[in-house]
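Input: a single structure, listed below in structure tokens.
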Amino acid sequence: MMFWRSVVFKLWFTFLLLITVVLIILTVMLLEYFEQYHMELSKKELTSNAVKASSILEQHPDIGMDIVWELLDESAAAAIVTEGNTAISPDSEYSKETLESALARQDLKTAITTNKQTIKTIKLRDSGTNDEIEVTISAVPILKDHKAVGAIYVFQNLSVLNDTKNSTTKFIVLAAVVAIILTTIFAFFLLTRITAPLRKMREAAMELARGNFETTVPIWSQDEIGELSIAFNQMAKRLNFNVNALSQEKEQLGNILSGMADGVLTFNKNGSLLITNPPAERFLQYWHYEQGSSEPLQEQVPDEVKELFQMAIGTGEEQIAEMKLSHKSWVIIVSPLYNQDQIRGAIAVIRDMTEERKLDKLRNDFIANVSHELRTPISMLQGYSEAIVDNIAQSEEEKQEMAQIIYDESLRMGRLVNELLDLARMEAGHLELMLESVEMTSFFHRVSRKFNAVAKEKNIDMTMDIQEDMKPFTMDVDKMEQVVTNILDNCIRHTQENGKVTLKAKSDDVGIYLDIQDSGVGIKEEDLPYIFERFYKADKARTRGSSGTGLGLAIAKNIIEAHNGHISVTSKYGQGTTFFIFLPRNVE
Numbered sequence: 001m002m003f004w005r006s007v008v009f010k011l012w013f014t015f016l017l018l019i020t021v022v023l024i025i026l027t028v029m030l031l032e033y034f035e036q037y038h039m040e041l042s043k044k045e046l047t048s049n050a051v052k053a054s055s056i057l058e059q060h061p062d063i064g065m066d067i068v069w070e071l072l073d074e075s076a077a078a079a080i081v082t083e084g085n086t087a088i089s090p091d092s093e094y095s096k097e098t099l100e101s102a103l104a105r106q107d108l109k110t111a112i113t114t115n116k117q118t119i120k121t122i123k124l125r126d127s128g129t130n131d132e133i134e135v136t137i138s139a140v141p142i143l144k145d146h147k148a149v150g151a152i153y154v155f156q157n158l159s160v161l162n163d164t165k166n167s168t169t170k171f172i173v174l175a176a177v178v179a180i181i182l183t184t185i186f187a188f189f190l191l192t193r194i195t196a197p198l199r200k201m202r203e204a205a206m207e208l209a210r211g212n213f214e215t216t217v218p219i220w221s222q223d224e225i226g227e228l229s230i231a232f233n234q235m236a237k238r239l240n241f242n243v244n245a246l247s248q249e250k251e252q253l254g255n256i257l258s259g260m261a262d263g264v265l266t267f268n269k270n271g272s273l274l275i276t277n278p279p280a281e282r283f284l285q286y287w288h289y290e291q292g293s294s295e296p297l298q299e300q301v302p303d304e305v306k307e308l309f310q311m312a313i314g315t316g317e318e319q320i321a322e323m324k325l326s327h328k329s330w331v332i333i334v335s336p337l338y339n340q341d342q343i344r345g346a347i348a349v350i351r352d353m354t355e356e357r358k359l360d361k362l363r364n365d366f367i368a369n370v371s372h373e374l375r376t377p378i379s380m381l382q383g384y385s386e387a388i389v390d391n392i393a394q395s396e397e398e399k400q401e402m403a404q405i406i407y408d409e410s411l412r413m414g415r416l417v418n419e420l421l422d423l424a425r426m427e428a429g430h431l432e433l434m435l436e437s438v439e440m441t442s443f444f445h446r447v448s449r450k451f452n453a454v455a456k457e458k459n460i461d462m463t464m465d466i467q468e469d470m471k472p473f474t475m476d477v478d479k480m481e482q483v484v485t486n487i488l489d490n491c492i493r494h495t496q497e498n499g500k501v502t503l504k505a506k507s508d509d510v511g512i513y514l515d516i517q518d519s520g521v522g523i524k525e526e527d528l529p530y531i532f533e534r535f536y537k538a539d540k541a542r543t544r545g546s547s548g549t550g551l552g553l554a555i556a557k558n559i560i561e562a563h564n565g566h567i568s569v570t571s572k573y574g575q576g577t578t579f580f581i582f583l584p585r586n587v588e
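Residue numbers for the sequence shown follow UniProt numbering, beginning at 1 and rising by one.
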């Protein structure tokens, strides 16, 4: 910071200016006073000398003139006028013509004519040098028998007064300069003592501005500056405490917002976005992606959120809506925020309801599927049993056929109930595996042979690509056979005549890799995420014989996961489906 902008310079300049003005005024007044004083003193001295000279001449007319010349000061001159005669002091600096021209003035003759003392300051022109000089003349009448018989004139050149005045001026100016220098030194010393603590406080304030709230200033004295230092330290301490408290609250609030599963958007009264958390940012990213924006724009939110915000601000009540975005369901709750009685903004809570809606759909589908799967066998049981009770069947063959249908449907219902119970136990974690070491090559050949007849009947080319030297693998044979059987059954059922089903299996030190591929009708893209859910069927017609219970793949998925494995599926509608199964060698 430049010196002339500092407090020291401003105070010093103000202090110096004040002292300078005071000294100038005092100097002028002193000079005027001394000038008047010397002038009056000179006039009194001239008059006194003139009076003494007049008295001597009155008392000693013969020798008085010589005494008068000795009495006068060297800087003065005198002229004695008596009865038309004029005598001039021999050492006079003025010429006779100059003094005679002055004595010819009428205003100086009044000392003789009026018998009164006269003193005048006039300007004379020196006949020798032709310079104009200023002199003071004191005229005193010479009395004889109380009558003026002449006068004595004493001349004093004012240049003597000017010399005295100049000497006095030099002395006063020198004293003023010394006073200003001493004042400057004293002012700098004093102001430095005053401003040093202020500079320390300024440096401490800059440290506070940089975030160093541990800064303190030393206490220099017990005066107002010391009290200011104490107050500054207390302020810094309190500020440090408040900032730490705010930081902790902000960090806690940030952790709460970051840890929330729901998204949070905070708006001010003008609708500007203030605070977001990661779930809310993901929601905005989904929206920007759906809008086709390559980069999200700051403070841009969906129109649905803006409308809810305006309604919440306008009505002062909570607003709720649901919107679809990127195959996801979002519930948006916008509530107004109050500052005492005034609305200062709003907060929007965005909840991803995709899983809940999916579960609702699965629950509804589960109820519909169970009802559908049970309604048909129950209707057949009821119908054929009524036919038997009402003796509609006439022959034993007909009764036997009806009884066989009732028996088959009861078995179907039993399988459905058992599969539901097995699936419930698996999902509850109560699945018990009967682990044993199995030769995997013979296992896959044995399972695939069960479908040779069905494949031949539908003219389906069933190909096996199984590694011959596969190492034994520890697993539950019955349950894994159920998995492979279910998947092969699905592939053959959904493959048209002259199609192809391929089973590939290989093994290494990590685990077993199994691919089952068909060239069937495939699965639609929107059905793929739900293919392993209970009762989910890509075949919406639900025709008997072409569709199972819808539990097979769900059971297969649970069995694979119980073996710490993984199952997935890829499919293109109309081109076929491929199931991938991986079983790691760490079941024990």
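Using N, Cα and C, we set each Cβ at its ideal position, and we do this for glycine too.
Could you have a look at residue i and say whether DSSP puts it in helix, strand or coil?
i, result
"Gly150", "strand"
"Met235", "helix"
"Phe267", "strand"
"Leu407", "The displayed chain sequence assigns Tyr, not Leu, to residue 407. Correct three-state label for Tyr407: helix."
"Val521", "coil"
"Tyr37", "helix"
"Asn166", "helix"
"Ala556", "helix"
"Phe283", "helix"
"Leu274", "strand"
"Ile531", "coil"
"Glu497", "coil"
"Met206", "helix"
"Ile194", "helix"
"Glu214", "coil"
"residue 632", "Any property of residue 632 remains undetermined from this structure, which presents the chain solely from 1 to 588."
"Val331", "strand"
"Met311", "helix"
"Lys123", "strand"
"Leu551", "coil"
"Ile392", "coil"
"Ile19", "helix"
"Ile142", "strand"
On the criterion of 16 or more Cβ atoms from any shown chain inside 10 Å, does residue i qualify as buried, or is it exposed?
i, result
"Phe267", "buried"
"Gln234", "exposed"
"Ile139", "In the sequence as displayed, the identity of residue 139 is Ala instead of Ile. Buried, since its Cβ has 16 or more Cβ neighbours within 10 Å."
"Phe186", "exposed"
"Ser42", "buried"
"Met340", "For the sequence presented, residue 340 should be read as Gln rather than Met. Label assigned to Gln340: exposed."
"Ser571", "buried"
"Asp352", "buried"
"Lys557", "buried"
"Gln248", "exposed"
"Asn212", "exposed"
"Gln156", "buried"
"Pro141", "buried"
"Ala312", "buried"
"Lys524", "exposed"
"Gln319", "buried"
With C-beta atoms as the reference, is residue i less than 8 Å away from residue j?
i, j, result
"Tyr573", "Gly522", "yes"
"Asp408", "Ile555", "no"
"Lys269", "Arg199", "no"
"Leu16", "Thr184", "yes"
"residue 590", "Leu553", "Look at the range of the chain in this structure, 1 to 588, and you will see that residue 590 is not part of it."
"Met440", "Ser507", "yes"
"Val217", "Met201", "yes"
"Pro278", "Asp262", "no"
"Cys491", "Gly511", "no"
"Ile119", "Leu31", "no"
"Val301", "Leu273", "yes"
From the DSSP output, read off the bridge partner residues of residue i.
i, result
"Gly511", "Pro584"
"Phe241", "Answer is none; Phe241 lacks a bridge partner."
"Ser85", "Per the sequence presented here, residue 85 reads as Asn, with Ser not at that position. Looking at the DSSP assignment, Asn85 forms a beta bridge with Thr82."
"Lys306", "Answer is none; Lys306 lacks a bridge partner."
"Gly316", "Note: Gly316 sits in no beta bridge, so no partner."
"Thr578", "Gln517 and Thr570"
"Asp322", "The sequence as given places Glu at residue 322; Asp does not occur at that position. DSSP, once it has assigned bridges, lists Val331 as partnering Glu322."
"Ile172", "None, per the DSSP bridge assignment."
"Thr118", "Ala139"
Sequence ranges, beta strand (DSSP E) only - wholly within the region 410-487, length at least 3:
Fully enclosed beta strand (DSSP E) runs of 3 or longer: 435-438, 461-466 and 473-476.
Output the residue ranges of the beta strand (DSSP E) runs that lie fully inside the region 338-385 and measure 3 residues or longer, sorted by chain position.
342-352
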